[in-house]
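Using numbering that gives the first Met the number 0, read the sequence shown as starting at 0 and increasing by one per residue.
Working notes, beginning with the structure itself.
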Amino acid sequence: MSPASSHALKHPPVTAPSEPAGADSDFPELAVAIDKQRRRGRGAQSNASGRFEAKARVAFDDGWQSLEELPPFKTSVGVDTSRKVITRNESPDIGFDRSINPYRGCEHGCVYCFARPTHAYLGLSPGLDFESKLFAKPEAPALLEKELAATGYEPRMIAIGTNTDPYQPIERERKIMRGILEVLERAGHPVGIVTKSALVVRDIDILARMAKRNLAKVAISVTSLDPKLARTMEPRAATPPKRLEALKQLSEAGIPTTVMVAPVIPALNDSEIERILDAAAHAGVKEASYVLLRLPLEVRDLFREWLMANYPDRYRHVFTLIRDMRGGRDYDAKWGERMKGTGPMAWTIGRRFEIACDRLGLNKRRSKLTTDHFARPKRNGDQLSLF
Numbered sequence: 000m001s002p003a004s005s006h007a008l009k010h011p012p013v014t015a016p017s018e019p020a021g022a023d024s025d026f027p028e029l030a031v032a033i034d035k036q037r038r039r040g041r042g043a044q045s046n047a048s049g050r051f052e053a054k055a056r057v058a059f060d061d062g063w064q065s066l067e068e069l070p071p072f073k074t075s076v077g078v079d080t081s082r083k084v085i086t087r088n089e090s091p092d093i094g095f096d097r098s099i100n101p102y103r104g105c106e107h108g109c110v111y112c113f114a115r116p117t118h119a120y121l122g123l124s125p126g127l128d129f130e131s132k133l134f135a136k137p138e139a140p141a142l143l144e145k146e147l148a149a150t151g152y153e154p155r156m157i158a159i160g161t162n163t164d165p166y167q168p169i170e171r172e173r174k175i176m177r178g179i180l181e182v183l184e185r186a187g188h189p190v191g192i193v194t195k196s197a198l199v200v201r202d203i204d205i206l207a208r209m210a211k212r213n214l215a216k217v218a219i220s221v222t223s224l225d226p227k228l229a230r231t232m233e234p235r236a237a238t239p240p241k242r243l244e245a246l247k248q249l250s251e252a253g254i255p256t257t258v259m260v261a262p263v264i265p266a267l268n269d270s271e272i273e274r275i276l277d278a279a280a281h282a283g284v285k286e287a288s289y290v291l292l293r294l295p296l297e298v299r300d301l302f303r304e305w306l307m308a309n310y311p312d313r314y315r316h317v318f319t320l321i322r323d324m325r326g327g328r329d330y331d332a333k334w335g336e337r338m339k340g341t342g343p344m345a346w347t348i349g350r351r352f353e354i355a356c357d358r359l360g361l362n363k364r365r366s367k368l369t370t371d372h373f374a375r376p377k378r379n380g381d382q383l384s385l386f
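Okay, here's the thing in structure tokens:
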């Protein structure tokens with residue numbers, strides 16, 4: 000491995016859709032691409048340094064064929080020692096002001112994940128590091144109980160899974176998410192969950208009890224019903240049939256469920272909007288939403304690499320349509336527009352979604368959670384009431 004301060008190594012050159020390709024050339028080799036066998040089962044193609052790093056690293060053959068000896072990327076889990084677990088936000092275009100992320104990084108490996116750039120804050124790559132170097136918060140349930148017990152705490156719905164998936168594979172053994180739900184149930188605190196994992200059905204017992212008191216709802220993202228596309232784009236997430244079955248089990252247990260067609264990627268999965276909604280409706284889902292593909296910061300180059308490696312014939316078409324919906328840019332973070340885009344193509348996707356929902360009877364009623372049951376947890380040293 001050799002250090003280099005070149006900006007080009009941190010952000011490798013990628014032929015833009017507006018640039019002509021050579022008559023005899025294929026897509027260019029990427030300077031930081033990782034050998035396929037080393038990244039088998041992963042979503043990202045590379046592991047470029049984060050934007051805050053003064054140096055970048057790139058593997059090269061020094062003549063001793065040492066690259067062949069490099070080990071494959073294996074999942075490692077560190078401990079996040081944050082002293083608070085509730086994260087606040089003031090974004091005007093999302094429906095919550097607080098959230099919890101039991102894990103940093105996500106092994107699902109979804110190539111389009113807009114949370115990837117957060118790994119740069121840890122000095123790690125938003126590429127393969129994001130899906131292989133994970134951090135768990137084992138103290139999250141205890142920290143949450145402490146924060147809920149604070150005198151000035153005012154309850155409002157806590158969103159979980161809005162950044163990284165709380166039910167990613169390591170949750171099966173660590174059970175941090177289940178611990179968080181146990182705290183929320185005892186406190187009578189509302190929660191909204193977003194996931195791509197069928198593991199959520201493990202906690203149906205808690206979620207069903209909370210749902211009876213209007214304290215819980217679950218949204219599952221179904222990006223595609225095509226098993227090949229889903230496996231390529233989301234290599235370690237649950238298969239589409241597993242997600243639909245999870246929606247069915249949650250609905251049958253009386254838990255309000257939402258199907259999220261997210262992200263919608265033009266010329267790749269946008270043709271499946273109606274099919275996904277139809278399948279979810281048959282599974283008992285009553286609500287639906289969608290989000291247009293977002294490409295902030297390092298996600299843009301990671302998605303380009305993935306698209307060129309897996310669907311090179313669609314590369315130019317996909318990015319042309321993306322730019323049509325983003326004011327001529329690859330991404331526009333403007334409040335109110337970043338989720339849905341603008342322009343004729345974005346309008347068409349929105350109308351198709353609305354028409355399909357009307358036909359299937361989705362979104363006729365929106366489930367509302369309540370804070371009426373909230374009971375502040377007792378802090379150590381608190382005296383018991385005499386009455």
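Every residue, glycine too, gets a C-beta built ideally from N, C-alpha and C.
- Item | For residue 262, three-class secondary structure by DSSP | Here residue 262 corresponds to residue number 263 of the sequence shown, with the count starting at 1. Annotated three-state conformation of residue 262 is strand, per DSSP.
- From residue 177 to residue 183, what does the alpha carbon distance come to, in whole angstroms? To locate residue 177, count along the sequence shown from 1; it is residue 178. To locate residue 183, count along the sequence shown from 1; it is residue 184. So the two alpha carbons sit approximately 10 Å from each other.
- Query: Should residue 153 be labelled buried (16 or more other beta-carbon atoms within 10 Å of its own) or exposed?
  - Reply: Here residue 153 corresponds to residue number 154 of the sequence shown, with the count starting at 1. Around the CB of residue 153, fewer than 16 other CB atoms lie within 10 Å, so the residue is classed as exposed.
- Message: Could you give the first and the last residue of the continuous alpha helix (DSSP H) run that contains residue 241?
- Response: For the purposes of this step, residue 241 is identified with residue 242 of the sequence shown, where counting begins at 1. That run of the alpha helix (DSSP H) goes 239–251.
- Query: By the 10 Å Cβ neighbour count, where 16 or more other Cβ atoms means buried, how is residue 107 classified, buried or exposed?
  - Reply: As a first step, residue 107 is located in the sequence shown; it is residue number 108 there, counting from the start. Counting Cβ neighbours within 10 Å, residue 107 comes out buried, since at least 16 surround it.
- Query: Thinking just about the alpha-carbon of each residue, which of 362, 249 and 198 is nearest to the one in residue 289?
  - Reply: As a working note, residue 289 is residue 290 in the sequence shown. It is 362.
- Message: Measuring only the C-alpha atoms, how far is residue 2 from residue 294?
- Response: Looking up residue 2 in the sequence shown gives position 3. Looking up residue 294 in the sequence shown gives position 295. Bear in mind that a pLDDT of 42 at residue 2, under 50, signals an unreliable position, so the number given afterwards is only what the model happens to contain. Going from the Cα of residue 2 to the Cα of residue 294 covers about 27 Å.
- Task: Could you please give the first and the last residue of the uninterrupted beta strand (DSSP E) stretch that includes residue 216?
- Result: The sequence position of residue 216 within the sequence shown is 217, counting from 1. Where residue 216 is concerned, the enclosing beta strand (DSSP E) stretches over 215–220.
- Item | Nonlocal neighbours in the same chain, by C-beta distance under 6 Å from residue 338, ignoring five residues either side | Stepping through the sequence shown from its first residue, residue 338 is reached at position 339. Excluding positions up to five away in sequence, the list reads 290.
- Beta-carbon proximity list for residue 209, same chain, < 6 Å, skipping 5 on both sides: For this step, residue 209 is matched to residue 210 along the sequence shown. Setting aside the 5 residues that flank it on each side, residue 209 is surrounded in the same chain by 184 and 215, each with a C-beta closer than 6 Å to its C-beta; the list follows chain order.
- Message: Considering only the alpha carbon of each residue, which of 256, 77, 93 and 131 lies closest to residue 335?
- Response: Within the sequence shown, numbered from 1, the residue matching residue 335 stands at position 336. Minimum Cα distance to residue 335 is reached at 93.
- Message: Between residue 95 and residue 191, how many whole angstroms is the CB-CB distance? I'm expecting something under 8 Å.
- Response: Here residue 95 refers to the residue found at position 96 when the sequence shown is read from its first residue. Here residue 191 refers to the residue found at position 192 when the sequence shown is read from its first residue. Contact check for residue 95 and residue 191: beta-carbon distance about 7 Å, within the 8 Å limit, so the pair qualifies.
- Query: DSSP three-state call for residue 175: helix, strand or coil?
  - Reply: The sequence position of residue 175 within the sequence shown is 176, counting from 1. Here DSSP, grouped into helix, strand and coil, assigns residue 175 to helix.
- Selected residue, minimal CA-CA separation from residue 98, among 162, 286, 251 and 158: For the purposes of this step, residue 98 is identified with residue 99 of the sequence shown, where counting begins at 1. It is 158 whose Cα lies nearest to the Cα of residue 98.
- Message: Does residue 289 come out as helix, strand or coil in the three-state DSSP assignment?
- Response: Along the sequence shown, read from residue 1 onward, the residue named residue 289 stands at position 290. The three-state reading of DSSP puts residue 289 in strand, counting E and B together.
- Query: Which whole runs of the beta strand (DSSP E) in the segment 268–322 are 3 residues long or more, in chain order?
  - Reply: If one requires a minimum length of 3 residues, the beta strand (DSSP E) runs lying completely within the segment 268–322 are 286–291, in chain order.
- Item | Ranges of the beta strand (DSSP E) found wholly within the segment 143–188, counting only runs of at least 3 | Entirely contained in the segment 143–188, the beta strand (DSSP E) runs reaching 3 residues are, in chain order, 157–159.
- Query: Tell me the DSSP bridge mates of residue 193?
  - Reply: In the sequence shown, the residue the question calls residue 193 occupies position 194. For residue 193, which the question treats as bridged, DSSP gives the partners 218.
- Three-way DSSP call (helix, strand, coil) for residue 361 in this model: In the sequence shown, the residue the question calls residue 361 occupies position 362. In the structure shown, residue 361 sits in coil (DSSP, three-state: anything other than H, G, I, E or B).
- Message: Counting C-beta neighbours from all protein chains within 10 Å, is the total for residue 51 16 or more, i.e. buried, or is it exposed?
- Response: As a first step, residue 51 must be located in the sequence shown, where it is residue number 52. So residue 51 ends up on the exposed side.
- Decide if the segment 30–47 is in contact with the segment 238–251; the criterion is three or more beta carbon pairs, one per stretch, under 8 Å apart. No, they do not touch.
- Task: Return yes when the Cβ of residue 140 is within less than 9 Å of the Cβ of residue 179, no when it is not.
- Result: Locating residue 179 in the sequence shown gives position 180, where the first residue counts as 1. Locating residue 140 in the sequence shown gives position 141, where the first residue counts as 1. In contact: residue 179 and residue 140 (Cβ atoms closer than 9 Å).
- Task: Would you check if the segment 214–232 and the segment 246–260 touch, i.e. whether three or more CB-CB distances between them fall below 8 Å?
- Result: A contact between stretches requires three or more CB pairs, one per stretch, nearer than 8 Å, and the segment 246–260 meets this requirement with the segment 214–232.
- So, residue 229 versus residue 197, is the Cβ gap smaller than 9 Å? As a first step, residue 229 is located in the sequence shown; it is residue number 230 there, counting from the start. As a first step, residue 197 is located in the sequence shown; it is residue number 198 there, counting from the start. Contact: no.
- For residue 211, does the three-state DSSP call read helix, strand or coil? As a first step, residue 211 must be located in the sequence shown, where it is residue number 212. In the structure shown, residue 211 adopts helical secondary structure according to DSSP, grouped into three states.
- Task: Please check the pair residue 83 and residue 142, which I expect to be a contact at CB under 8 Å, by giving their CB distance rounded to whole angstroms.
- Result: Here residue 83 refers to the residue found at position 84 when the sequence shown is read from its first residue. Here residue 142 refers to the residue found at position 143 when the sequence shown is read from its first residue. Cβ atoms of residue 83 and residue 142 come within 8 Å of each other, at about 6 Å.
- Task: For residue 136, count neighbouring C-beta atoms within 10 Å of its own C-beta (all shown protein chains included) and say buried if the count is 16 or more, exposed if not.
- Result: For the purposes of this step, residue 136 is identified with residue 137 of the sequence shown, where counting begins at 1. By the 10 Å Cβ count, residue 136 comes out buried.
- Run the CB neighbour count on residue 354, radius 10 Å, all protein chains shown included, and call it buried at 16 or more, exposed below. Looking up residue 354 in the sequence shown gives position 355. That one is exposed.
- Given a threshold of 16 other Cβ atoms within 10 Å of its Cβ, counted over all protein chains shown, does residue 287 qualify as buried or as exposed? For the purposes of this step, residue 287 is taken as the residue at position 288 of the sequence shown. Here residue 287 is buried. Its C-beta has 16 or more other C-beta atoms within 10 Å.
- Message: Quick check on DSSP: helix, strand or coil for residue 132?
- Response: Numbered from its first residue, the sequence shown carries residue 132 at position 133. Taken through DSSP and simplified to helix, strand or coil, residue 132 comes out as strand.
- Rounded C-alpha distance that separates residue 327 from residue 320: Taking the sequence shown and counting its residues from 1, one reaches residue 327 at position 328. Taking the sequence shown and counting its residues from 1, one reaches residue 320 at position 321. Whole-angstrom Cα-Cα distance: 9 Å.
- Query: Does DSSP put residue 103 in a helix, in a strand, or in coil?
  - Reply: Against the sequence shown, residue 103 aligns to sequence position 104. Shown here, residue 103 sits in a strand according to DSSP, grouped into three states.
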